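Take a look at the structure below.
In our numbering, the protein residues as written are 1 to 161.
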């Protein structure tokens, strides 16, 4: 059985509602709202300002480039997952780069060599890692030839600084 609505005995209206015929205008409602806010110790917001300085344009551009590089490597990882023979091309590309340096191979190429000697799941986890080391090594990646020109163009279009 439903309970009947409770009404105030003195006015016959629902709780929380203004008396009939005495509806507040929008301006009155706003004045009362602001008075409650002031009473609670809150001040009106006149102008929004960031408490911390905004990110500089150079830093923002750098972050966009890092995000683009990560997106390209995620796409490359998906392609290698579907076609593992592409990983052999990556290893050949790295060997060709290393052969250009007779005695002093850049440290990044040595790190890539050590990484590409691991299993594919470890390589995939590394190239899609947002960590500092992965970000640094993605700047000299042997996975550059895995994506087609149209795939690269699509990623570049999505991540414009």
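Glycine included, every Cβ here is placed at the ideal spot set by N, Cα and C.
From a predicted model like this one, the values you see are computed outputs, not experimental measurements.
Quiz item: When DSSP labels each residue in this structure, what does residue 83 get in the three-state scheme?
Solution: DSSP, reduced to helix, strand and coil, places residue 83 outside both helices and strands of the structure shown, so it counts as coil.
| task | Out of 26, 86, 39, 32, point me to the one whose CA is closest to residue 145's CA. | result | Nearest C-alpha to residue 145: 86.
| field | Which listed residue (106, 153, 66, 88) has its alpha carbon closest to that of residue 130 | value | Comparing Cα positions, the closest option is 66.
Using 7 Å as the threshold, is the C-beta distance between residue 93 and residue 142 below it?
With respect to residue 142, residue 93 sits close: the two C-beta atoms are nearer than 7 Å.
Is the separation between the beta-carbon of residue 108 and that of residue 140 shorter than 7 Å? Their beta carbons are under 7 Å apart, which means residue 108 touches residue 140 by this criterion.
DSSP three-state assignment for residue 148, whether helix, strand or coil: Three-state result, residue 148: coil.
- [ ] Use the C-beta contact count for residue 158: other C-beta atoms within 10 angstroms, 16 or more gives buried, fewer gives exposed.
- [x] The residue is exposed, with fewer than 16 neighbouring Cβ atoms inside 10 Å.
*With respect to the alpha helix (DSSP H) encompassing residue 40, which residues constitute its N-terminal and C-terminal limits?*
Per DSSP, residue 40 lies in no alpha helix (DSSP H) segment and is marked neither H nor E.
- prompt: Does the distance from the C-beta atom of residue 134 to that of residue 77 stay below 7 Å?
  reply: Contact: no.
Own chain, CB closer than 8 Å to residue 155, minus 5 neighbours either side, in chain order:
Excluding positions up to five away in sequence, the list reads 68, 71, 72, 75, 147.
What did DSSP end up calling residue 64 once you bin it into helix, strand or coil?
Look at residue 64 here: in three-state DSSP terms it is helix.
Between 120, 64, 23, 29, which has its C-alpha nearest residue 162's C-alpha? Because residue 162 is not part of the residues shown, which for the chain are 1 to 161, the question remains open.
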